[in-house]
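From first to last, the protein sequence lines stand for chains L and X. 1 is the number of the first residue of the first sequence in our numbering; add one for each residue after it. 1 is the number of the first residue of the second sequence in our numbering; add one for each residue after it. C-beta atoms are modelled at their ideal positions from N, C-alpha and C, and glycine is treated no differently.
Number of protein chains: 2
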Amino acid sequence: MAKEASVTPWEVKGNIDYDRLVKEFGVSRIDENLLKRIKKQAGTLHHMLRRNIFFAHRDLKWILDEYDKGNRFFLYTGRAPSGHVHLGHLVPWMFTKWLQDVYGVELWFQFPDEEKFLFKESMTLADTEHFTRENAYDVIALGFDPKKTHFLIDTKHAGVMYKEALKVAKKITFSTAKAAFGFRPEQNIGAIFYTAMQAVPAFLPSVLAGKKIPCLIPHAIDQDPHFRVSRDVITKIGHYKPASIQCRFLPGLGGMSTDGKMSASEAETAVYTTDSPETVRKKIMKYAFSGGQATVEEHRKKGGNPDVDVSYQWLTFFEEDDRKLKKIYDDYSSGKMLTGELKQILVDKLNSFLKEHQKKREKAKDKYEDFIFKEP
Amino acid sequence: MAKEASVTPWEVKGNIDYDRLVKEFGVSRIDENLLKRIKKQAGTLHHMLRRNIFFAHRDLKWILDEYDKGNRFFLYTGRAPSGHVHLGHLVPWMFTKWLQDVYGVELWFQFPDEEKFLFKESMTLADTEHFTRENAYDVIALGFDPKKTHFLIDTKHAGVMYKEALKVAKKITFSTAKAAFGFRPEQNIGAIFYTAMQAVPAFLPSVLAGKKIPCLIPHAIDQDPHFRVSRDVITKIGHYKPASIQCRFLPGLGGMSTDGKMSASEAETAVYTTDSPETVRKKIMKYAFSGGQATVEEHRKKGGNPDVDVSYQWLTFFEEDDRKLKKIYDDYSSGKMLTGELKQILVDKLNSFLKEHQKKREKAKDKYEDFIFKEP
Numbered sequence: 001m002a003k004e005a006s007v008t009p010w011e012v013k014g015n016i017d018y019d020r021l022v023k024e025f026g027v028s029r030i031d032e033n034l035l036k037r038i039k040k041q042a043g044t045l046h047h048m049l050r051r052n053i054f055f056a057h058r059d060l061k062w063i064l065d066e067y068d069k070g071n072r073f074f075l076y077t078g079r080a081p082s083g084h085v086h087l088g089h090l091v092p093w094m095f096t097k098w099l100q101d102v103y104g105v106e107l108w109f110q111f112p113d114e115e116k117f118l119f120k121e122s123m124t125l126a127d128t129e130h131f132t133r134e135n136a137y138d139v140i141a142l143g144f145d146p147k148k149t150h151f152l153i154d155t156k157h158a159g160v161m162y163k164e165a166l167k168v169a170k171k172i173t174f175s176t177a178k179a180a181f182g183f184r185p186e187q188n189i190g191a192i193f194y195t196a197m198q199a200v201p202a203f204l205p206s207v208l209a210g211k212k213i214p215c216l217i218p219h220a221i222d223q224d225p226h227f228r229v230s231r232d233v234i235t236k237i238g239h240y241k242p243a244s245i246q247c248r249f250l251p252g253l254g255g256m257s258t259d260g261k262m263s264a265s266e267a268e269t270a271v272y273t274t275d276s277p278e279t280v281r282k283k284i285m286k287y288a289f290s291g292g293q294a295t296v297e298e299h300r301k302k303g304g305n306p307d308v309d310v311s312y313q314w315l316t317f318f319e320e321d322d323r324k325l326k327k328i329y330d331d332y333s334s335g336k337m338l339t340g341e342l343k344q345i346l347v348d349k350l351n352s353f354l355k356e357h358q359k360k361r362e363k364a365k366d367k368y369e370d371f372i373f374k375e376p
Numbered sequence: 001m002a003k004e005a006s007v008t009p010w011e012v013k014g015n016i017d018y019d020r021l022v023k024e025f026g027v028s029r030i031d032e033n034l035l036k037r038i039k040k041q042a043g044t045l046h047h048m049l050r051r052n053i054f055f056a057h058r059d060l061k062w063i064l065d066e067y068d069k070g071n072r073f074f075l076y077t078g079r080a081p082s083g084h085v086h087l088g089h090l091v092p093w094m095f096t097k098w099l100q101d102v103y104g105v106e107l108w109f110q111f112p113d114e115e116k117f118l119f120k121e122s123m124t125l126a127d128t129e130h131f132t133r134e135n136a137y138d139v140i141a142l143g144f145d146p147k148k149t150h151f152l153i154d155t156k157h158a159g160v161m162y163k164e165a166l167k168v169a170k171k172i173t174f175s176t177a178k179a180a181f182g183f184r185p186e187q188n189i190g191a192i193f194y195t196a197m198q199a200v201p202a203f204l205p206s207v208l209a210g211k212k213i214p215c216l217i218p219h220a221i222d223q224d225p226h227f228r229v230s231r232d233v234i235t236k237i238g239h240y241k242p243a244s245i246q247c248r249f250l251p252g253l254g255g256m257s258t259d260g261k262m263s264a265s266e267a268e269t270a271v272y273t274t275d276s277p278e279t280v281r282k283k284i285m286k287y288a289f290s291g292g293q294a295t296v297e298e299h300r301k302k303g304g305n306p307d308v309d310v311s312y313q314w315l316t317f318f319e320e321d322d323r324k325l326k327k328i329y330d331d332y333s334s335g336k337m338l339t340g341e342l343k344q345i346l347v348d349k350l351n352s353f354l355k356e357h358q359k360k361r362e363k364a365k366d367k368y369e370d371f372i373f374k375e376p
């Protein structure tokens, strides 16, 4: 049975209807025209754009217009540290890395290390400090340019961030925050304030530069309520309204109808960046929801359903080659490819990626300090 | 007509019934026994204690007990910068200075420069930055020991304060804050968070020292709701529950039944530390509510009422000599002293004090940096 869908910055569950989210959140679909323009500017089109994984936006046209006028944007994305990074977390970051490369722009990467502390009873600041570092290694491993990438850690950089957050906070009423986030009376006062801190990286580079710089925020769709609340406020305090580009979630292993978004707190639905090849193989083989038929005979006759098959869906995120992907789709649909074979393709793909990632992640430990924003 | 009394950290108005406040806020009266103990430890008793101007407390006995055991406390008080300092502001600071001198203890003085920004629509952070400096000159002019006094400015020291404030904030629900401060749905989310920042100096010295140090907070009674909310929370995060000692308000010139507390925003009810001798004279002569009779004849016959006379009341705050004060009381009550003569005594007292204060305030401008807390 599909659970009732719920998408907030603190919880994503159930079978997600992205059309409904677009309408409810008030974001726009990325259309052919926008894709053409990006391809023209970037020279290429990332497979997550080609495949509609990054599917929605706010004010993206304006960002591209400004870019054409020579007014470069900066990128802002982030990670609220609370546990180990899984493949779902990597999705917007890999795309952000591509944007940094093709547009040659600065990236401000926020680690709001207070968020999960404020929203999860058992989480301590020592925990989030530990995971900030662990998670940062994964970010660095993706190959961001250290000269153009600045890590902002809320408790570490509060010296510059708190003052800016106050300007945002003054213009957000409790009513507004409650409507966007569904706060209850027992919510703690830090959690209520927090969204103001999440708004800061969208304009801090402008404050530091002393001039308005356009901001583009790539993020998974569940974070949209934060920016919905702060976008207008940011213009009221003298900065450009940040633009954003939203992706769908990498589904959990249990399948799209139950695990709409991979959850870091449920180890059996997620593959972590630090999982061994054997662990990856076991998880996929054992837990990845299959679109195949009950028996080999039936599968050969009727074919599998790649649209609900988690292994296939994951390949749409991680297999960049459209032709390879198309062949897998066709072979699986026709029954020529069995579920075990499809799973093996995914296992090989992920283990090959993770082998490299884990090497780079080790090397990242020496580069950590280079990425931390140094206050002027 | 007496206005209905209201005492919150953001507003004090009307004729204040201190007995009712003691009951409502749940503080304790300072009794003879406590006064004796302070006199024994300090060697003397400040006139604001002798005259019941500092009249209430929380856990003061514990602070004195710890002191006797050799466990010294530190002092914490502050000023939310939003305008020029008037004589009413000086009252708790002068008493705090005395405590620092006689007990030889450290003082942490907070300038929560975001508070008035968050609670007053028209106030900018540039305004509060300006007034932080202006107000700090007044604090320094009172003669605090620069080696034992540390100014904490919230936006400047957020690098150390925000993280500590989060620990407090996590344990205060919106319900609790609403009950203590009367927040409404249109309150901004910064204002709701703010009380967590006001709690920080009560335990930051313990965090920095890596050991629990008792804290005593001298403050005007209207600030009590902040500490009522945070006291229990502070013990939950591993520190001593801060003790406090509360003073009455210096009444505004209009008299106790209307101006329960001197207001910085109503220039005609307040005397500022930067007022010229002539301005002080004019304000007192023109506006100070008189307890005298309608005519000289009547006054000579019936005598004045020092208990409602603002000039006399102010002298109880600023004339340290009990015998002089007693004589003024007797002479005014008997009708021997006229209102004009009483006012002149106050004018002379204030102008003599302010002449020295203004000199020291000028010199304070060079000492400002010495008082700012330097992060380790």
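With a threshold of 6 Å on Cβ separation, who are the neighbours of residue i within its own chain once the five nearest residues in sequence on each side are excluded?
i                           : result
histidine 47 of chain X     : Glu320
serine 244 of chain X       : Arg58, Ile217 and Phe227
phenylalanine 25 of chain X : Asp224
arginine 50 of chain L      : none
glutamate 66 of chain L     : Pro214
Let me make sure I understand the geometry here. Which of the options has the alpha-carbon closest to that of residue i?
i                            : options                                   : result
valine 22 of chain L         : L:Ala294, L:Leu34, L:Asn15 and L:His57    : L:His57
valine 310 of chain X        : X:Thr269, X:His239 and X:Asp138           : X:Thr269
phenylalanine 110 of chain L : L:Ile38, L:Pro205 and L:Pro376            : One point to set straight first is that residue 110 of chain L is glutamine, not phenylalanine, in the sequence displayed. Considering only alpha carbons, the answer is L:Pro205.
isoleucine 372 of chain L    : L:Asp154, L:Lys40 and L:Ala294            : L:Asp154
glutamine 390 of chain L     : L:Ser175, L:Ala177 and L:Ser230           : There is no way to answer for residue 390 of chain L, as the model of chain L reaches only from 1 to 376.
valine 91 of chain X         : X:Ala126, X:Gly104, X:Asp127 and X:Val139 : X:Val139
leucine 45 of chain X        : X:Asp65, X:Ile63 and X:Asp101             : X:Asp101
aspartate 232 of chain L     : L:Phe203, L:Met161 and L:Phe249           : L:Phe203
leucine 250 of chain L       : L:Arg20, L:His299 and L:Trp93             : L:Trp93
glutamate 298 of chain X     : X:Tyr332, X:Lys212 and X:Ala179           : X:Tyr332
phenylalanine 117 of chain L : L:Phe54, L:Leu35, L:Ile189 and L:Lys336   : L:Ile189
Which of the three DSSP states, helix, strand or coil, is assigned to residue i?
i                         : result
glycine 252 of chain L    : coil
asparagine 351 of chain X : helix
lysine 3 of chain X       : Legend: pLDDT at lysine 3 of chain X = 46, less than 50; position of this residue unreliable, value from coordinates given subsequently. Note: lysine 3 of chain X maps to coil in three-state DSSP.
serine 20 of chain X      : In the sequence as presented, serine is not what sits at residue 20 of chain X; that position holds arginine. If DSSP states are grouped into helix, strand and coil, arginine 20 of chain X belongs with the helices.
alanine 56 of chain X     : strand
asparagine 135 of chain L : helix
lysine 363 of chain L     : helix
glutamine 246 of chain L  : strand
threonine 176 of chain X  : helix
isoleucine 237 of chain L : coil
glycine 378 of chain X    : Only positions 1 to 376 of chain X appear in the structure, and residue 378 of chain X is not among them; the question remains open.
alanine 165 of chain X    : helix
isoleucine 213 of chain X : coil
proline 218 of chain X    : strand
leucine 338 of chain X    : coil
Tell me the DSSP bridge mates of residue i?
i                       : result
glutamate 11 of chain X : X:Thr8
glycine 291 of chain L  : Answer is none; glycine 291 of chain L lacks a bridge partner.
tyrosine 103 of chain X : Bridge partners of tyrosine 103 of chain X: none, in fact.
serine 28 of chain L    : L:His57
Who are the near neighbours of residue i in its chain, counting only those whose CB is closer than 7 Å to its CB and skipping five residues on each side?
i                        : result
valine 347 of chain X    : Val280, Arg281 and Ile284
valine 27 of chain X     : Ala56, His57, Arg58, Asp224 and Gln246
asparagine 71 of chain L : Pro214
lysine 343 of chain L    : Ile284, Met285, Ala288 and Ser311
Is there at least one non-hydrogen atom of the ligand ZN closer than 7 Å to the beta-carbon of residue i?
i                        : result
glutamate 186 of chain X : As far as ligands go, the structure on display features none, and thus does not contain the ligand ZN.
Leaving out the 5 sequence neighbours to the left and right, which residues in its chain are closer than 8 Å to residue i when beta-carbon positions are compared?
i                      : result
lysine 97 of chain L   : Leu142, Gly143 and Phe144
leucine 325 of chain L : Leu315, Thr316 and Glu319
valine 296 of chain X  : Leu338
valine 308 of chain X  : Gly255, Met256, Ser257, Phe289 and Gly291
alanine 177 of chain L : Phe183, Ile192, Thr195 and Val229
In or out: residue i buried (at least 16 other Cβ within 10 Å) or exposed?
i                        : result
proline 185 of chain X   : exposed
valine 41 of chain X     : Checking the displayed sequence, the identity of residue 41 of chain X turns out to be glutamine instead of valine. Its Cβ having fewer than 16 others within 10 Å, glutamine 41 of chain X is exposed.
isoleucine 79 of chain X : Per the sequence shown, the amino acid found at residue 79 of chain X is arginine instead of isoleucine. The residue is buried, with at least 16 neighbouring Cβ atoms inside 10 Å.
asparagine 33 of chain X : exposed
proline 376 of chain X   : exposed
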